Amino acid sequence: MKKVAQLCTKTTLALAISLSLTGCFLEGDNGEVGAIGIQGVAGTDGASGTEGANGIDANASITLGLVGRIQLNSDDPEGAAEIVQFHSASSTIYAINSAADEPTIEIIDASTLTSDVLANPLSSENLTSITLVLPTEQNSVQLAGPTSLAVSGNWMAVAMPAADKATNGMVLFYNGLDTSSPTFVKAVEVGNLPDMVTFTPDASKVLTANEGEPSGDYTIDPEGSISIISIVDGTPSDTSINISFSDYNGKQADLEKQGMHFPNPSGRTINGSLISTTVAQDLEPEYITTTNEVAYITLQENNGLAIVDLSDNSVKVIGLGFKDWSEFQIDGMEDGTVSFGQYDNLYGMYMPDTIATFQWKDANFLVTANEGDAREYFFDTLNTDGVQDEDLCNAAGGQDFDEDDGCLSYTEETQGRRLDYSPGSNLETIAGDDPRDFDFTAFPLGRLTVTNVLGDSDNNGEYEALYAYGARSFTIWDTNGLVVFDSGDDFERITASIHGNAFNNNNDENEGDSRSANKGPEPEALTVGQVGDKTYAFIGMERLGGIFVYDVTNPYDAKFVDYMINRDLTEGGDLIGDSAPEGMVFVDATNSPTGNALVIIGNEASGTVSVWQITEK
Numbered sequence: 030m031k032k033v034a035q036l037c038t039k040t041t042l043a044l045a046i047s048l049s050l051t052g053c054f055l056e057g058d059n060g061e062v063g064a065i066g067i068q069g070v071a072g073t074d075g076a077s078g079t080e081g082a083n084g085i086d087a088n089a090s091i092t093l094g095l096v097g098r099i100q101l102n103s104d105d106p107e108g109a110a111e112i113v114q115f116h117s118a119s120s121t122i123y124a125i126n127s128a129a130d131e132p133t134i135e136i137i138d139a140s141t142l143t144s145d146v147l148a149n150p151l152s153s154e155n156l157t158s159i160t161l162v163l164p165t166e167q168n169s170v171q172l173a174g175p176t177s178l179a180v181s182g183n184w185m186a187v188a189m190p191a192a193d194k195a196t197n198g199m200v201l202f203y204n205g206l207d208t209s210s211p212t213f214v215k216a217v218e219v220g221n222l223p224d225m226v227t228f229t230p231d232a233s234k235v236l237t238a239n240e241g242e243p244s245g246d247y248t249i250d251p252e253g254s255i256s257i258i259s260i261v262d263g264t265p266s267d268t269s270i271n272i273s274f275s276d277y278n279g280k281q282a283d284l285e286k287q288g289m290h291f292p293n294p295s296g297r298t299i300n301g302s303l304i305s306t307t308v309a310q311d312l313e314p315e316y317i318t319t320t321n322e323v324a325y326i327t328l329q330e331n332n333g334l335a336i337v338d339l340s341d342n343s344v345k346v347i348g349l350g351f352k353d354w355s356e357f358q359i360d361g362m363e364d365g366t367v368s369f370g371q372y373d374n375l376y377g378m379y380m381p382d383t384i385a386t387f388q389w390k391d392a393n394f395l396v397t398a399n400e401g402d403a404r405e406y407f408f409d410t411l412n413t414d415g416v417q418d419e420d421l422c423n424a425a426g427g428q429d430f431d432e433d434d435g436c437l438s439y440t441e442e443t444q445g446r447r448l449d450y451s452p453g454s455n456l457e458t459i460a461g462d463d464p465r466d467f468d469f470t471a472f473p474l475g476r477l478t479v480t481n482v483l484g485d486s487d488n489n490g491e492y493e494a495l496y497a498y499g500a501r502s503f504t505i506w507d508t509n510g511l512v513v514f515d516s517g518d519d520f521e522r523i524t525a526s527i528h529g530n531a532f533n534n535n536n537d538e539n540e541g542d543s544r545s546a547n548k549g550p551e552p553e554a555l556t557v558g559q560v561g562d563k564t565y566a567f568i569g570m571e572r573l574g575g576i577f578v579y580d581v582t583n584p585y586d587a588k589f590v591d592y593m594i595n596r597d598l599t600e601g602g603d604l605i606g607d608s609a610p611e612g613m614v615f616v617d618a619t620n621s622p623t624g625n626a627l628v629i630i631g632n633e634a635s636g637t638v639s640v641w642q643i644t645e646k
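At the far end of the sequence shown sits residue 646, using our numbering, and the numbering has no gaps.
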């Protein structure tokens, strides 16, 4: 080997002198590859390694467990637990009880909560409550039951509509929450039918969304509005500022081009009155979320959003547009099975209920639960015997008659099969007329609940598109009203995978697939909170009762995290567990009696308040 090396070196040196090159490039050709040798004897197996740790589900950075629960009005629980709030200093939950004989707020002691998960979550109760009875009259105004409440510091604000449809409502202020014994301070008049009340984060203002719903016969139709009550030196002002939508009267066509929706009986004579409806009357504010500078209000029935600049109280109204269901799976058939399909010319109106806000990169983003809500109003047509009379209903200009509800003054709600379509169109094929023996397979959208106000673009009596209520999803929006993220068909696909044919259950009975043709699971309750360095959205399904959790830390990259439900879905069985989440509030770890973040839920149908603990993995 040395001789070869030396030869190579000498040769290389000579050539380098003559050619100014380096290296040895005069090696001989490579020889042929030798035959593969015989395989050696296999060695003995090594010792087993230590077992690795269990993996975790994708995106499952948190876990949730039920740690608190109480049922209110156990004999008649429906409506006993709706909107909930939390007072951190005293670890007290406040809940509206609409099932009580008197206007009542339940005061629930949560100070004894621990991190222990309930052993029997469907039936266990480890919380107790006392009642706060609200006044039924203030400033000579007869009040109906409470619709909403809000807590900030030691103050509580309670929204109370007037019993008379034509009269403005009130906000009742209570102080002394630190003693868990609130004391009434004053009542402040706000707009008609305050449906939601909230404080700004800095507690400088109280805002109400005043729905202004019409009377059953539509002869009284107050304007929707937003009221603002200033907090001066820690005390609520005696009067409110009312923000009207009257500047938008005459601009309905412009708003419709943005994807807004204006269903009303304008032009019809009902109960002797010719109905004429303005935009301001038709807009019905539903829910508020607010920063210290800007408030965002859902206009549910109109598929829109109102934005109020709190520096000058100016208001802007924007439409939210429509969801194209041809891009997602939807079950529109109540056939007792999971029956998903994708359909052209089918759209969803977002029509959000609850709204929340959070920040990413110092910008505000909005989160909505897209429930959907059709307008349906009845009035009495009683004969001399005090019985609802169909003939009197027809004479009064009613749209339809029901022996229990009375005379239907107005609804926009119909089914796909009741509309006309162009012969040979895809809608005639999938939603056409209903034969005697309804074939769900042949007409999968025949009984889908849709509006008759949209879809006939040329007004020739034939519909080119169907518009269904709600989007069966939650959506993240920027403050321009543009979609940043939508959960698409997640809610139904996930619940169908978990519950099978029991998915799309109603909230008051165990009958699977009973909501597929009518708004599906109806996402309604919503809250947003931070756990560790992540921001999560919690969305409650009003009908099915389940809770979805999404990581929305980056709104442009939202991810499904978890799904939980505390309800027995046994077909034909009793309503057991928690059903119809209506109100929801997030409690961060620093203010929680357990030391971990909480989500507190008011469940309307079951009359229960449930407390879920959130722990980081």
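Note that the Cβ used here is the ideal one computed from N, Cα and C, for glycine as well.
Note that this is a predicted model, so its numbers are computed, not measured.
State the Cα-Cα distance for the pair residue i and residue j, rounded to the nearest angstrom.
i    : j    : result
E633 : V162 : 19 Å
D86  : N271 : The predicted position of D86 is uncertain, since its pLDDT is 49 and thus under 50; a value taken from the coordinates is nonetheless stated next. Near 49 Å, if we compare the C-alpha coordinates of N271 and D86.
R447 : Y492 : 11 Å
G652 : D353 : This structure cannot speak to residue 652, because the chain is shown only from 30 to 646.
S90  : I643 : 10 Å
E645 : A626 : 9 Å
N399 : V590 : 19 Å
N221 : V367 : 43 Å
L474 : G499 : 16 Å
F472 : P106 : 39 Å
L55  : A76  : Confidence in L55 is poor, its pLDDT being 43 and thus under 50, which makes the residue's placement too unreliable to answer from.
E242 : T176 : 13 Å
D207 : H116 : 8 Å
A148 : R98  : 12 Å
E22  : F430 : As shown, the chain starts at 30 and ends at 646. That puts residue 22 outside it, with no answer to give.
D515 : Y379 : 10 Å
L598 : N539 : 6 Å
D485 : N374 : 12 Å
G205 : T508 : 36 Å
M199 : S269 : 10 Å
W389 : S210 : 38 Å
S305 : P294 : 8 Å
P119 : N102 : A small fix is needed here, since residue 119 is Ser in this sequence, not Pro. One C-alpha to the other measures close to 24 Å.
N530 : L573 : 12 Å
R297 : G427 : 10 Å
Q331 : G461 : Here residue 331 is Asn; the residue named in the question, Gln, does not match the sequence. Distance between the alpha carbons of N331 and G461 is about 27 Å.
Please list, in chain order, all residues of the same chain as residue i whose beta carbon is under 8 Å from its beta carbon, the five residues on each side excluded.
i    : result
E441 : P292, A403, R404, T480, N481, V482
T623 : V96, L142, T143, S144, Q642
L178 : I112, Q114, Y123, I125, I134, M185, A186, V187, A188, V226
Should residue i go down as buried or exposed, given a rule of 16 or more other Cβ atoms within 10 Å for buried?
i    : result
I359 : buried
Y585 : exposed
I122 : buried
T51  : A caution first: T51 carries a pLDDT of 42, below 50, which makes its placement in the model unreliable, though a value can still be read off. Per the 10 Å Cβ criterion, exposed.
V346 : buried
S158 : buried
K234 : buried
D338 : exposed
Q329 : buried
D224 : buried
T237 : buried
By Cβ distance, which residues of its chain are closer than 7 Å to residue i, with the 5 residues on each side in sequence left out?
i   : result
L48 : Note that L48 scores 39 on pLDDT, short of 50, meaning its location in the model is unreliable and no value can be drawn from it.
Terminal residues of the continuous alpha helix (DSSP H) containing residue i?
i    : result
I527 : 519 to 528
A424 : 419 to 424
V308 : 308 to 311
E285 : 281 to 286
E457 : 455 to 460
What is the residue span of the beta strand (DSSP E) that residue i lies within?
i    : result
T212 : 212 to 218
G348 : 343 to 348
L627 : 626 to 632
W506 : 503 to 507
A124 : 121 to 126
Y654 : In the structure displayed, the chain extends from 30 to 646; residue 654 sits before or after that span and is not available.
W641 : 637 to 645
I'd like the list of long-range same chain contacts for residue i, defined as Cβ closer than 6 Å, with 5 residues on each side in sequence excluded.
i    : result
A124 : A110, V113, E135, G631, V638
M30  : Unreliable placement is indicated for M30, whose pLDDT of 47 sits below 50; the coordinate value is still reported in the next sentence. So no residue of the chain qualifies.
K194 : S244, I249
Q655 : No information on residue 655 is available, as it lies outside the stretch 30 to 646 that the chain covers here.
Discussion item. Report the start-end ranges of each alpha helix (DSSP H) in the stretch 358 to 382 that is 4 residues or longer and not cut off at the edges.
Written reply: DSSP runs (the alpha helix (DSSP H)) wholly in the stretch 358 to 382: none.
Practice prompt. Would you mind listing the beta strand (DSSP E) stretches within the stretch 238 to 292 that are 3+ residues and don't spill past its ends, in chain order?
Written response: 254 to 261, 270 to 273
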